[in-house]
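In what follows, a structure is listed as C-alpha cells, so that the remarks can point back to it.
2 protein chains.
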Amino acid sequence: MTVYGFDSSNGLAARIARLLGDRYVAMETKTFPDGEEYLRVPEKPEGAAIVVASTYSPQEKRLMKLLMAVEALSQWGAPIVVAVPYLAYARQDKRFLEGEPISVRIVLSSLEALGVDALVVVDVHQPHAVEEWFKQPWRNVIPYREVARYFRDVLRDPLVLAPDRGAVERARLVAGELGAPYDFLVKERDRVTGEVRVKPKELSVEGRDVVIVDDIISTGGTMALAAKNSLEAGARHVYAACTHAVMVKGALDRLLSSGIEEVVATDTVPSPVSKITVAPSLAEAVREILGEIA
Amino acid sequence: MTVYGFDSSNGLAARIARLLGDRYVAMETKTFPDGEEYLRVPEKPEGAAIVVASTYSPQEKRLMKLLMAVEALSQWGAPIVVAVPYLAYARQDKRFLEGEPISVRIVLSSLEALGVDALVVVDVHQPHAVEEWFKQPWRNVIPYREVARYFRDVLRDPLVLAPDRGAVERARLVAGELGAPYDFLVKERDRVTGEVRVKPKELSVEGRDVVIVDDIISTGGTMALAAKNSLEAGARHVYAACTHAVMVKGALDRLLSSGIEEVVATDTVPSPVSKITVAPSLAEAVREILGEIA
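As given, the protein sequences belong to chains A and B, one line each in that order. For what it's worth, our numbering labels the leading residue of the first sequence as 1, then goes sequentially. For what it's worth, our numbering labels the leading residue of the second sequence as 1001, then goes sequentially.
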C-alpha cells in the first residue's frame, strides 16, 4: 500500500508509513492566485491508498484538500482509507437548536460520496455521530497508551481525572495503563458566593499528582478551573493532558497561570504542547481496518 | 417559498425574493474562536427553500456555509433549490494531468449527497462538468440580457468579441441583444519577434466600439492584450465585460493601463467593477426550475 501525506498530515503520514513499512508519497499542493487549492497525486498507489490529513484550522481548506486527495485517488480504483487525526466540525454533531445543521454529517457524507472505503479518526468528540453518518467501516483511536507512556516516569501517586462524567472512559484507560486510580470532576456552586468549584466525585486529590485528561483543550477554561481547585484541595502537582490541542488564543497562558505544571497534547493538531505522537495507535488502526476491507 | 441569504449572497438573495414576491430570511452565521463556521436557519421554509450563496474567496468557507445551510434545511423535508452565482472550483473540471482531482465534482457531489433538489449556476466555466457530476435538475444562467442592457446606450457601432472560439456563444447572445456583429479573437505569432498578437477572426475593429465579453476575468492578461491590439488596429474604444470578476491582485490596474475604457462585471462576485446585477435572470431560472421539480 501507499501512504500519502501533505502539510495537513503534520508528519503523521510519514511516521505511519515507517511504522507499517510502507511507501510514503508527498502530495503536490499549491494555492492558485484566486485562492483555490490545487492538489495532485504524483504517484499512483501500489495496493490500497492511505491518506493522512488532519483538519485543524483553516478547517475548510484542509477538508477541501482531503476531499481533493480522495477524488484524485479514485481515478485508479484502489481502496482508499482516510485517517483524520483531528476531525473538524465533530463538535457540531446534533441540532442543539432547531434550524442548526449537523455539520459533522457534511464532512462525513462528503467523504462517503467520493468513495472513501474506510475511515480512522482519533478520539472523536461523539463517536455515535460517526456511526450514524458514515456507513463504511471506521475506527476511533483513543491514544491512551501514548498518553500514559508520557506520564509514567513523571508522576508520583498519580490520580487521573476526567473533567466530567462523559469523559471518564478516557481517564479510565489512561489510569489502567498507569496502574492509578481515576475519577471524574463534579461541579458544586457555593450557596453564599455563587462561585462554581469542581472536585472529584469520590476520591481525594490531597498529596497526589493529578492528571486531568480530556479530548480537546479549546479555551482551557475547564482545565484551568479544575487545576486551580485541585491545587487548593492539596494536590501536589496538576498536569493537563488532551488529545487535540485546538487551543484558541490565550488558552495556554490561562492554563499555565492557573498553576498547571505542564500541558501536554498529541500531534493530531500542531501546537507548542503537542509532544506525544499518536502514530503507533493510528498505524495499528490503519492496519486493522485494511484487514477488514481487504 | 422562502429565499435564504447571508454574506455569500452578495445581496442577490434579497433581490431575488423581491423579484419573485417571496419571503426573504437572513441566515444567522458566526465564526467560532477555533475557526469553525456556525450557521442557523432562524425560520423554517414556507414551501420550497431557495438558498443563494456565491462561493468566491474564501471559497472553502463559503462552500462549507452553503453546505451547512442545505443540511440544516433538510430537517424540514421541503424541496431545496441552491442558486450559486459563482461556482468555486468550476475551472478544475477535468484531469488535465494524471493524478489531478476533478475538483468541481467534490462541490457538486457534496451538494447532491446532502439532498439538494435543484441547482442554478451562472455562466459556469464548463457546463458539461455540471451535467456529468450533478444528477438533479439544474440550469446555467447566461446574463447576456443584463450585460447588453448596460452597454445599449454607451456604444457607437458596437462589435462584440469573444476572447477565443470557446467563448463565442456568450458574445453571440450579447451581440444579438445589441443588434451588433460579433466575432472571436485568434492568436498570431510574429515570425520575426515571436510576439503574440490577437485579432478578430473575420471582422475589423476599425472605428468601432469593441466589447470583449468573457466568463471570468482573473489575471486580466487575455483582456489586456486584446484591448491593446484592438486599439492598435483602430478601435475607437474598448470595453471589457465579464460575468465573474474573480480579479486577482493587480488585475484591474493591468486592464485599465492597457487602454480599456471601462471594465464591467456582474454581481456574482463582489468587486469595484461589479455594476450589473444578475438578479433578473437568476430569479427567472429559479422560478423555472421550481416549476420543474414541483
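Note that the Cβ used here is the ideal one computed from N, Cα and C, for glycine as well.
Annotation: the continuous beta strand (DSSP E) that includes S1274(B) extends over 1274-1276.
Residue environment for G1005(B): buried (at least 16 other C-beta atoms within 10 angstroms of its C-beta). Each residue's CA atom was taken as its position, placing N1010(B) and Y1056(B) some 10 Å apart. The continuous alpha helix (DSSP H) containing D253(A) extends over residues 251-257.
Under the three-state reduction of DSSP, N10(A) is assigned to coil, being neither helix nor strand. Contact annotation for E1060(B) against chain A: E37, P58, E60, K61, L63, M64 [CB-CB distance below 8 Å, chain order]. Sequence-distant partners of A1048(B) (beyond 5 residues in either direction) whose C-beta falls short of 7 Å from its own C-beta, in its chain, are M1001, A1078, P1079, V1081, L1290. Rounded to the nearest angstrom, the gap between the Cα atoms of T222(A) and R197(A) is 10 Å.
Residue state for I216(A) is assigned as strand, using DSSP reduced to three classes.
For the C-beta of D215(A), not a single chain B residue is nearer than 7 Å; the gap to the nearest is close to 13 Å.
Here the segment 1139-1157 of chain B lies against the segment 1104-1121 of chain B, with 3 or more beta-carbon pairs under 8 Å apart.
If the five residues before and after M64(A) are omitted, its C-beta is found closer than 7 Å to the C-beta atoms of E37, all from its own chain and listed in chain order.
For Y1144(B), the enclosing alpha helix (DSSP H) covers residues 1144-1151. Taking a cut-off of 8 Å on C-beta distances, the segment 1263-1275 of chain B touches the segment 1233-1245 of chain B, as three or more cross pairs fall below it.
Residue pairing by DSSP puts H244(A) in a beta bridge opposite I216(A).
Between L1231(B) and G1259(B) a beta carbon distance of about 5 Å is seen, short of the 8 Å cut, so the two are scored as contacting. The C-alpha of Q1092(B) is placed about 9 Å away from the C-alpha of H1125(B). Q1092, R1095, L1097, E1098, G1099, E1100, P1101, I1102, S1103, R1105, I1106: these are the residues of the segment 1092-1106 of chain B whose beta carbon lies less than 9 Å from some beta carbon of chain A, given in chain order. At a Cβ-Cβ threshold of 8 Å, S110(A) and L67(A) count as neighbours. Chain order gives the chain A residues near P1042(B) as G99, where near means a beta carbon separation below 7 Å.
Of all residues in the segment 1065-1078 of chain B, the ones placed with a Cβ closer than 7 Å to any Cβ belonging to chain A are L1067, M1068, E1071, A1072, Q1075, in chain order. As computed with DSSP, I1080(B) is found in a beta bridge with A1049(B). Judged by pairs of C-beta atoms under 8 Å, the segment 175-186 of chain A touches the segment 143-159 of chain A, as three or more such pairs exist. The alpha-carbon of G1099(B) is positioned some 17 Å away from that of T31(A).
Not flagged as an interface residue toward chain A: L1225(B), since no C-beta distance is shorter than 8 Å. Its chain contains V246, M247, V248, A251 as the residues whose beta carbon lies nearer than 8 Å to that of S218(A), once the 5 sequence neighbours on both sides are disregarded; these appear in chain order. Rounded to the nearest whole angstrom, the C-alpha separation of G176(A) and Y239(A) is 17 Å. The criterion of a C-beta distance shorter than 8 Å is not satisfied by A171(A) and V205(A). Around L1114(B), the beta-carbon contacts reaching into chain A at under 7 Å are I106, S109.
Cβ atoms of L20(A) and V286(A) come within 8 Å of each other, at about 7 Å. Linking A1265(B) to I106(A) through their CA atoms gives a straight-line distance of about 33 Å. Membership of T222(A) in the alpha helix (DSSP H) is indicated by the continuous run 221-232. Around the beta carbon of H1128(B), fewer than 16 other beta carbons sit within 10 angstroms, so the residue counts as exposed.
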